[in-house]
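Have a look at the structure below, then the notes.
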Amino acid sequence: MSNHNLFVALRDAFPTDLDRTAVQTDTGLRYSWRDLDRATAMVANLLDSLDLPPASRIAVQVEKSVEAMVLYLATLRAGHVFLPLNTAYQSGEMAYFIGNAEPAVVVCSPPNHGWVSKIAFTAGTQYVFTLSEDRTGSLLERAAHHSDRHTPAVRQDDDLAAILYTSGTTGRSKGAMLTHGNMRSNALMLRDYWQWQPHDVLIHALPIFHVHGLFVAIHGALINGSKMIWLSKFDPKAAIAQFSEATVFMGVPTLYVRMLAEPSLTPAQAAHMRLFISGSAPLLIETFSEWQRRTGHTILERYGMSETVMLTSNPCGPDARYGGATERCGGTVGFPLPGVSLRVVGEDGQALAPGAIGGIQVQGPNVFKGYWRMPEKTAEEFTSDGFFKTGDVGKVDGRGYVTIVGRSKDLIISGGYNVYPAEIEGCINELPGVAESAVVGVPHPDFGEVGIAVVIAKTGATVEPDRVIAALKSTLANFKIPKRCVVVPELPRNTMGKVQKNLLREQYTAAFL
Ligand code: MLC
Ligand code: AMP
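For what it's worth, the numbering used here labels the leading residue of the sequence shown as 2, then goes sequentially.
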């Protein structure tokens with residue numbers, strides 16, 4: 002029986018010369034391919050020694066470091082299921098994720114050990130380790146006692162590799178279950194579609210708790226045996242300075258906007274680069290065109306989701322499936338990737354003709370297995386013929402280019418992070434004196450889109466906008482906090498009594514411009 006463990010596919014792609022540099026960090030560290038192999042073996046052996054049930058969840062909320070990536074790879078290697086958590090999540094949010102996923106192991110930053118371990122042990126977690134970005138903490142201390150050789154656990158395509166929590170439009174977050182097959186097929190396909198070469202060097206500037214930084218970027222480099230230049234935190238000057246040593250950059254639009262503000266961004270500085278990729282949020286055509294003007298490079302925009310990894314991409318080279326098209330068409334997210342079926346459907350679920358706007362549905366080896374312990378929710382999100390309803394609204398033109406024009410899900414994408422208004426409104430509505438609230442997304446020059454909270458006070462009560470914001474800051478991850486709060490006498494409603502968020506969006510559309 003062959004081993005379909007994603008780790009094996011990544012490990013098989015390591016270069017023959019294992020002493021070459023695999024990762025070089027902005028803190029001056031250098032890791033060879035052999036270092037990655039040995040370190041992942043040691044952590045995998047530690048996990049094996051804990052005698053966990055197969056496919057245990059390993060929940061991780063730590064600062065970005067190469068060791069955090071090693072922990073991810075070691076989790077795959079040991080056959081467990083990785084559950085990455087945004088470092089901005091606070092205790093209420095963490096209690097939900099840990100309670101819902103019931104991880105056997107939780108790894109957190111040393112300063113958070115007190116409150117995180119309390120939550121974890123209450124939820125039945127057996128082991129809580131710490132891992133700091135400076136390579137200290139109990140995880141590595143314990144791993145140091147283990148062998149640096151390890152035989153990867155045998156896993157099949159359908160076995161779980163990771164759970165990514167995505168917030169729900171109503172109710173709580175859902176854990177998207179991704180399999181070894183989902184991720185391996187996507188990584189191998191992108192290797193060809195984006196024409197990765199072994200001499201490529203990726204600037205890794207994104208956080209590693211979401212699909213973009215954790216899967217697209219890391220798998221992309223590893224499955225090509227390509228080196229990574231690792232930035233612990235995105236800094237536009239530092240990223241641009243690395244262009245002369247690198248060939249591939251991946252970012253959310255905010256990263257491109259911030260780099261465009263730097264005078265050091267010039268065609269000469271970008272001359273060594275091969276490919277700039279953008280995704281996770283809409284890339285404004287202004288940013289796309291300005292980047293072309295300032296660097297001579299055309300950004301390749303692609304589209305994906307936690308539930309599906311990558312779905313569509315503008316071409317890197319000629320795409321034979323679309324008459325050899327090579328144009329990276331700004332404002333579009335390109336073509337469905339090889340192996341991905343994408344259709345646009347109307348209200349009645351029937352496929353629409355080219356150019357017509359409707360709901361985007363997808364099918365392919367990359368599409369997830371379902372939501373963790375939510376069979377009904379999973380069934381709702383798939384059609385009877387097996388297509389996943391993305392919740393994005395778009396169209397496909399006559400040439401095959403897909404454009405996303407909106408979302409049917411009530412979602413704000415701020416700097417590449419998803420913020421669900423329902424969750425924020427739920428918190429605001431609990432505050433003293435609040436009768437009701439509506440959170441809407443409005444354009445923002447840096448984050449693309451940010452939330453504004455529109456609040457109604459109860460009769461006779463006074464609600465201070467600053468207090469609303471302060472109260473939210475104490476319970477929610479910082480990127481979810483609305484950038485403004487206004488208290489108004491009433492909300493616009495339709496004849497059914499439903500709040501007309503489109504009118505609120507229009508009213509506040511220029512609030513940050
Ligand atoms: C930070 N802040 C944000 C924010 N990030 N506010 C709104 N939206 C965001 N994305 C706020 C903080 O709350 C804080 O506010 C202030 O900005 C400064 O915080 P910071 O941590 O210093 O910010 P910074 O480091 O500048 O972070 C900005 C950023 C980061 C753009 C670098 O948000 C980022 O890395 N975004 C990438 C997200 C990502 O990887 N998405 C991929 C999802 S996968 P205050 O008030 O506290 O001072 C996906 C699928 C796919 O979508 O297709 O890829
Ligand atoms: P997440 O659930 O965090 O993985 O976010 C996925 C969502 O991000 C998708 O459903 C889209 O709404 C959005 N998204 C990803 N890439 C793009 C893109 N290139 N353009 C517009 N929206 C995007």
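Don't be surprised by glycine CBs; every beta carbon is placed ideally from N, CA and C. Here the structure is a predicted model, which means the values were calculated and not measured.
What span of residues does the beta strand (DSSP E) with residue i cover, start to end?
| i | result |
| --- | --- |
| Thr313 | 310-314 |
| Pro444 | 435-445 |
| Ala163 | 161-167 |
| Arg485 | 485-488 |
| Pro25 | The sequence given here places Gln at residue 25; Pro does not occur at that position. Looking at the DSSP string, the run of the beta strand (DSSP E) that includes Gln25 is 22-26. |
| Pro85 | 82-85 |
| Phe513 | No beta strand (DSSP E) contains Phe513, which DSSP labels as neither H nor E. |
| Ile413 | 413-415 |
| Lys228 | 228-231 |
| Arg515 | Outside the shown range of the chain, which is 2 to 514, sits residue 515, and nothing can be said about it. |
Taking the CB atoms as reference points, tell me whether residue i and residue j lie closer together than 8 Å.
| i | j | result |
| --- | --- | --- |
| Leu72 | Val82 | no |
| Asp159 | Ala56 | no |
| Thr327 | Gly335 | no |
| Glu431 | Val440 | no |
| Thr168 | Glu424 | The amino acid at residue 168 is misidentified as Thr; the sequence shows Ser. It is a contact, given that the beta carbons lie within the stated cut-off. |
| Phe369 | Thr309 | yes |
| Leu215 | Pro254 | no |
| Ile453 | Arg485 | yes |
| Gln364 | Ser342 | yes |
| Pro54 | Ala105 | yes |
| Asp38 | Phe15 | yes |
| Ser186 | Gly395 | no |
Taking the alpha helix (DSSP H) that residue i falls in, what are its first and last residues?
| i | result |
| --- | --- |
| Lys502 | 502-508 |
| Cys428 | 422-430 |
| Glu94 | 92-102 |
| Arg12 | 7-13 |
| Phe289 | 286-296 |
| Met497 | From DSSP, Met497 is part of no alpha helix (DSSP H); its letter is neither H nor E. |
Using the Cβ count rule (16 or more neighbours within 10 Å means buried), how would you classify residue i?
| i | result |
| --- | --- |
| Lys481 | buried |
| Met497 | exposed |
| Val455 | buried |
| His211 | buried |
| Thr333 | buried |
| Thr123 | exposed |
| Ile1 | Any answer about residue 1 is impossible in this case: the structure gives the chain only from 2 up to 514. |
| Lys175 | buried |
| His213 | buried |
| Gly320 | Here the sequence assigns Asp to residue 320, which means Gly is not the residue at that position. Classification for Asp320: buried. |
Which residues does DSSP list as the beta-bridge partners of residue i?
| i | result |
| --- | --- |
| Tyr372 | Ala177 |
| Lys396 | Thr404 |
| Gln364 | Ser342 |
| Asp320 | Ala326 |
| Gly335 | Val403 |
| Phe389 | Val363, Phe383 |
| Gly305 | Met311 |
| Glu450 | Pro444 |
| Ser148 | For Ser148, which the question treats as bridged, DSSP gives no partner whatsoever. |
| Arg143 | BP columns for Arg143 are empty, so no partner. |
| Ile457 | Glu437 |
| Ala60 | Leu84, Val107 |
| Asn419 | Ile414 |
Taking 8 Å as the cut-off, does the stretch 202-212 touch the stretch 236-255 (at least 3 CB pairs, one atom from each stretch)?
yes
Quick test of the definition: if touching needs 3 or more C-beta pairs under 8 Å, does the stretch 36-45 touch the stretch 148-168?
yes
Is there contact here, the stretch 226-236 with the stretch 16-26, by at least three beta-carbon pairs under 8 Å?
yes
State whether the stretch 372-390 contacts the stretch 399-407, with contact taken as three or more CB pairs (one from each stretch) at a distance under 8 Å.
no
Check whether the stretch 99-116 and the stretch 133-147 are in contact - that is, three or more C-beta pairs closer than 8 Å.
yes
Do the stretch 288-300 and the stretch 190-197 meet, that is, are 3 or more Cβ pairs less than 8 Å apart?
no
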